[in-house]
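The block underneath contains the structure these notes are about, expressed in structure tokens.
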Amino acid sequence: MTRLSKQWVQHNQVGIYAVGVILAIGVGLGLSSASSLLEPLINPVLAVLLYVTFLEIPFVQIRQAFRNAQFMTAALGMNFVVVPVVVFGLTRFLPQEPVILVGAFMVLLTPCIDYVITFTELAGGDAEQITAATPALMLIQLLLLPLYLWLFMGQQVAEFIEAGPFIEAFVVIIALPLTLAWATEYWAGRSERGAQWQNTMGWFPVPMMGATLFVVIASQLPRVQDSIGQIVSVVPIYVAFLVIMPLLGRLVAGVLEMGAGESRALVFTAVTRNSLVILPLALALPSGYGLAPAVVVTQTLVELTGMVVLTRVVPAWLVPETPQSAPLV
1 MTRLSKQWVQ HNQVGIYAVG VILAIGVGLG LSSASSLLEP LINPVLAVLL
51 YVTFLEIPFV QIRQAFRNAQ FMTAALGMNF VVVPVVVFGL TRFLPQEPVI
101 LVGAFMVLLT PCIDYVITFT ELAGGDAEQI TAATPALMLI QLLLLPLYLW
151 LFMGQQVAEF IEAGPFIEAF VVIIALPLTL AWATEYWAGR SERGAQWQNT
201 MGWFPVPMMG ATLFVVIASQ LPRVQDSIGQ IVSVVPIYVA FLVIMPLLGR
251 LVAGVLEMGA GESRALVFTA VTRNSLVILP LALALPSGYG LAPAVVVTQT
301 LVELTGMVVL TRVVPAWLVP ETPQSAPLV
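Residues 1 to 329 in the working numbering are what the sequence shown spells out, letter by letter.
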């Protein structure tokens with residue numbers, strides 16, 4: 001019964017997310033103090049989300065995943081070489097306003113390290129490879145984002161990116177949940193109580209994602225409800241990114257003759273972005289960049305909608321279950 005209930009939650013996760021978004025819109029528009037009340041909760045909620053997400057992956061298998069140099073190289077190359085080229089081209093079609101561009105660059109140049117694991121699993125991809133790549137993806141984006149902003153927007157904007165918020169985000173949102181998840185799995189392997197705790201936590205990834213969406217959207221909506229027109233301008237660019245990157249990821253996976261599981265994992269790491277984790281950094285920008293967090297959050301909404309399609313299209317058409325994926329032609 002518990003197993004069936006957990007499967008029901010997974011199967012209906014899009015509906016749960018939708019409820020979180022609808023509630024967030026209602027609270028954000030109806031409660032003027034939503035920003036001040038909910039914004040301090042963003043990092044704690046993200047930390048819990050990542051903790052329960054990391055618990056889904058057996059850490060015993062991650063050691064083997066680290067040995068796959070081909071996948072690690074491909075994931076880093078897609079995210080830090082191919083993606084910046086695509087993003088620079090797409091953003092030429094945006095209004096050339098710094099407040100819009102900085103938000104779009106911040107979110108599109110940073111690969112996802114949280115729910116990419118869940119969506120990769122839903123599509124039958126190799127989630128262990130994604131989890132193994134997470135620390136490298138996070139650390140490298142910390143180092144390269146200021147450089148990319150400097151290249152694409154100039155030194156003035158790059159100087160606004162301070163190390164403090166990024167370091168805090170890494171420690172609170174990545175390192176601490178990852179350490180606690182490893183400790184929990186170690187405890188679960190040696191204690192019945194630990195195993196019960198881990199099993200209980202298996203209920204929480206989807207509800208916590210819904211709660212995270214609620215906190216993030218409800219806290220940011222009051223700030224930007226008078227600037228919706230500017231924010232909507234980024235939606236076509238986000239949609240184009242969702243179309244282009246899976247095709248490029250599939251092409252690279254085919255050239256490298258990856259199996260179906262690794263190919264799907266590469267597709268999802270190439271397309272999913274780090275919107276929720278990057279949000280604290282966007283919130284730390286100067287007051288003149290007040291719309292940047294909303295530009296970041298908008299990407300979350302577009303991406304989650306796109307994931308409804310991609311978790312079905314990728315295994316059914318883009319990367320079907322074959323012994324070895326052929327190049328996409």
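Yeah, the Cβ is synthetic: ideal placement off N, Cα and C, and Gly gets one too.
Relative to the C-alpha of residue i, which residue among the options is closest?
i: Pro135; options: Gln155, Leu149, Met208, Cys112; result: Cys112
i: Phe105; options: Asn274, Ala75, Glu128; result: Asn274
i: Pro84; options: Leu108, Gln70, Arg250; result: Leu108
i: Glu128; options: Val314, Gly30, Asn68, Val27; result: Asn68
i: Pro44; options: Gln10, Leu55, Phe170, Val309; result: Phe170
i: Phe80; options: Leu142, Leu46, Pro98; result: Leu142
i: Ile117; options: Thr53, Met153, Met245; result: Thr53
i: Ile244; options: Met201, Leu90, Gly189; result: Leu90
i: Ala133; options: Val102, Gly288, Phe71; result: Phe71
Hey, would you say residue i sits closer than 8 angstroms to residue j, going by beta carbons?
i: Tyr17; j: Leu213; result: yes
i: Gly194; j: Thr184; result: yes
i: Leu301; j: Leu29; result: no
i: Leu137; j: Ala47; result: no
i: Thr305; j: Ile130; result: no
Could you tell me the boundaries of the alpha helix (DSSP H) in which residue i lies?
i: Thr269; result: 260-271
i: Glu192; result: 192-201
i: Ala284; result: Segment: none, Ala284 is in no alpha helix (DSSP H) and carries neither H nor E.
i: Ala123; result: Unbroken run through Ala123: none, as it is neither H nor E.
i: Phe204; result: It is not in any alpha helix (DSSP H) - Phe204 carries neither H nor E in the DSSP assignment.
i: Ile16; result: 13-30
i: Glu321; result: Where Glu321 is concerned, there is no enclosing alpha helix (DSSP H), given that its DSSP letter is neither H nor E.
i: Ala292; result: 292-313
Does DSSP put residue i in a helix, a strand or coil?
i: Pro95; result: coil
i: Ala326; result: Annotation note: pLDDT 46 at Ala326 (below 50); position unreliable, no value reported.
i: Pro111; result: strand
i: Phe152; result: helix
i: Met1; result: Per-residue confidence for Met1 stands at a pLDDT of 47, beneath the threshold of 50, marking its modelled position as unreliable; the derived number appears in the next sentence. DSSP places Met1 in coil when its eight states are reduced to three.
i: Pro236; result: helix
i: Thr131; result: helix
i: Asn68; result: coil
i: Ala181; result: helix
i: Gln225; result: coil
i: Gly43; result: Contrary to the premise, residue 43 reads as Asn rather than Gly in this sequence. Residue state, collapsed to three classes: helix.
Give a single yes or no on whether residue i has its beta carbon closer than 7 angstroms to a heavy atom of the ligand SAM.
i: Thr131; result: In the structure shown, the ligand SAM is absent, as is every other ligand, since no ligand is present at all.
Quick check: the segment 277-284 against the segment 120-135, are at least 3 beta-carbon pairs closer than 8 angstroms? Touching, no, given that fewer than three Cβ pairs across the two stretches are closer than 8 angstroms.
Using 8 angstroms as the threshold, is the segment 305-324 in touch with the segment 261-272, meaning 3 or more CB pairs across them? yes
At least 3 beta-carbon pairs within less than 8 angstroms: the segment 252-259 vs the segment 8-28: No contact exists between the segment 252-259 and the segment 8-28.
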